[in-house]
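Numbering (the working numbering), first residue to last: 16 to 198. Glycine included, each C-beta is placed from N, C-alpha and C at the ideal position. Presented below is the structure to which this report refers.
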Ligand SMILES: Cc1cc2nc3c(=O)[nH]c(=O)nc-3n(C[C@H](O)[C@H](O)[C@H](O)COP(=O)(O)O)c2cc1C
């Protein structure tokens, strides 16, 4: 599967089989995150691999009650929780932020998780970026120390059925020429 094909065919998967994932496959998925670009190669991402059902259930309990991925977090054989080192990405060595955008950890973790989910898809696995949950509760469950935060989590497992692609905006709506808003 080539990259453009993987990008187009990846879907958010919210129904999983309980089949286990081979350690070598998991390693390939994590390698895709490890080789992602990051601000000055600071690699602020950290990943927690959760296999324990009690912990998965606790994490599922942090999702907003209407979140459509609650059962996915409980059912998938693995949940990957993406964390970040704070005040690293986008910061001068002396401590201040380099740009008006401040801490770039969301950007760098997003890039890594984007690559991770694409690699998972190419290997026949499903994922869904889950961001709508109580981050403080998740940090407490996982023992995330001061100076780090939880950004997102994804179930990882073999999809139980196919997911429909939600529509995308047309390129004409999101791409401009030379200046903002110029079609
Ligand atoms: C930053 C981010 C946070 C998201 N949070 C959730 C979430 O909390 N629960 C959920 O079910 N899906 C979540 N999603 C998945 C989106 O709903 C999904 O990517 C979007 O509808 C497009 O569908 P597709 O991934 O199948 O192309 C999130 C996606 C992103 C990028």
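Three-state secondary structure (DSSP) of residue 29 = coil
request  = Count the C-beta pairs between the stretch 112 to 132 and the stretch 29 to 36 that are closer than 8 Å, then say yes if the count reaches three, no if not.
outcome  = no
ask   = If you count every other CB in all the chains shown that lies within 10 Å of the CB of residue 141, and 16 or more means buried, which is it?
value = buried
query = Between residue 129 and residue 21, what straight-line distance do the alpha-carbon atoms span, to the nearest angstrom?
reply = 11 Å
ask   = Using CA coordinates, which residue listed in 165, 89 and 56 is at the minimum distance from residue 101?
value = 165
request  = Assign residue 123 to buried or exposed, taking buried as 16 or more other Cβ atoms, counted over all protein chains shown, within 10 Å of its Cβ.
outcome  = The residue in question, residue 123, is buried, as its Cβ has 16 or more Cβ neighbours within 10 Å.
inquiry  = What does the alpha-carbon distance come out to for the pair residue 192 and residue 184?
reply    = 17 Å
inquiry  = Is residue 99 close to chain C? Criterion is C-beta to C-beta, closer than 8 Å.
reply    = In the structure shown, chain C does not exist; there is a single protein chain.
ask   = DSSP three-state call for residue 73: helix, strand or coil?
value = helix
query = Where does residue 158 land, buried or exposed, given buried means 16+ other C-beta within 10 angstroms?
reply = It counts as exposed.
key: Contiguous alpha helix (DSSP H) assignments of at least 4 residues, all confined to the stretch 100 to 185   = 120 to 137 and 150 to 157
task = Check whether the Cβ atoms of residue 133 and residue 30 lie closer than 8 Å to each other.
result = no
ask   = Which partner residues of residue 61 appear in the DSSP bridge assignment?
value = Looking at the DSSP assignment, residue 61 forms a beta bridge with 98.
key: Bounding residues of the alpha helix (DSSP H) (the contiguous stretch that carries residue 22)   = 18 to 24
key: Helix, strand or coil at residue 40 according to DSSP, with G and I counted as helix   = DSSP, reduced to helix, strand and coil, places residue 40 within a helical segment of the structure shown.
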